[in-house]
Amino acid sequence: LVGEALTGLIQARREQESLVRRPEPERLAAAESVLSSWPVEVVHGGGRACYRPAADCIHLPERAVFHSAAALYATWGHEAVHSTGHPARLARDLSGTMGSRAYAREELVAELGAVLLGDRLEIGSAMANHAAYLGHWIELLRESPRVLLQVLSDARKAADLVCPESGGE
-19 LVGEALTGLI QARREQESLV RRPEPERLAA AESVLSSWPV EVVHGGGRAC YRPAADCIHL
41 PERAVFHSAA ALYATWGHEA VHSTGHPARL ARDLSGTMGS RAYAREELVA ELGAVLLGDR
101 LEIGSAMANH AAYLGHWIEL LRESPRVLLQ VLSDARKAAD LVCPESGGE
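Just so you know, we're using the working numbering here: the sequence shown kicks off at -19 and counts up by one.
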């Protein structure tokens, strides 16, 4: 349901703005440029992607692990959105542990923010993957449907910080 709504919103915006997609090499180069410009250190290596608030550092697996450049940038975008929650930036609650309400809320912000970044950077978004991922956090929304508006607002602020809507480069 959330995935279908996001897909519809993105498609409507593209139609409204008559966006013409740039060739893939240009889009990927622009995504690399935007994400590389984000002032949070990125360390490659290890088996999983994560953002470490205490070190203010993004960890990503080696590039070769990703099945495509777009998959790398989507994951990088997700972690960059997490990093916008740092106290020096948007100061969201990043203290949650797996299974907690704060953790679930932050994962919703990061995943929805990654969808927005994927659209802005023209790298696409695997909506089925996003929808499945978001499904894990749906319980938070059941507890308090109003939280969706707050999460969407936070996701947009985060995406605006990483890549303002005016464009990818």
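Built from N, CA and C at the ideal position, the CB exists for glycine as well.
ask   = Which two residues bound the contiguous beta strand (DSSP E) that contains E21?
value = E21 to H24
query = So, using beta-carbon positions, are V61 and A11 closer together than 8 Å?
reply = no
key: Beta-carbon contacts of P33 that lie in its chain and below 7 Å, excluding the five residues immediately before and after   = H66 and L74
ask   = Grouping DSSP H, G and I as helix and E and B as strand, with all else coil, what is L40?
value = strand
query = D140: which of V127, A44, G93 and A29 sits nearest, CA to CA?
reply = G93
ask   = Would you call the CB atoms of H39 and G26 closer than 8 Å?
value = yes
message = Helix, strand or coil, according to DSSP, for R32 in the structure here?
response = strand
Nearest neighbour of D36, chosen from M78, T64, G98 and L129 [CA to CA] = Of M78, T64, G98 and L129, the smallest CA-CA separation from D36 is found for T64.
key: Per-residue DSSP class, three states only, for L52   = Reduced to three states, the DSSP call for L52 is helix.
task = Label V23 either buried or exposed according to how many other C-beta atoms from any shown protein chain fall within 10 Å of its C-beta, with 16 as the threshold for buried.
result = exposed
query = Nearest-angstrom Cα distance between V127 and M78?
reply = Between V127 and M78, the C-alpha separation is close to 19 Å.
query = What three-state label does DSSP hand L70 in the structure shown?
reply = coil
ask   = Roughly how many angstroms separate the alpha carbons of R85 and R1, rounded to a whole number?
value = A direct Cα-Cα distance of roughly 32 Å separates R85 from R1.
Same chain, Cβ closer than 7 Å to G98, neighbours up to 5 away in sequence not counted = A54, G57, G104 and S105
ask   = Excluding the five sequence neighbours on either side, which residues of its own chain have a C-beta within less than 8 Å of the C-beta of L52, listed in chain order?
value = Cβ within range, chain order: L40, R43 and F46.
ask   = Taking the continuous alpha helix (DSSP H) assigned at G93, which residues delimit it?
value = R81 to R100
Beta-carbon proximity list for G90, same chain, < 7 Å, skipping 5 on both sides = The identity of residue 90 in the sequence shown is Ala, whereas the question assumes Gly. Excluding positions up to five away in sequence, the list reads H58, V61 and H62.
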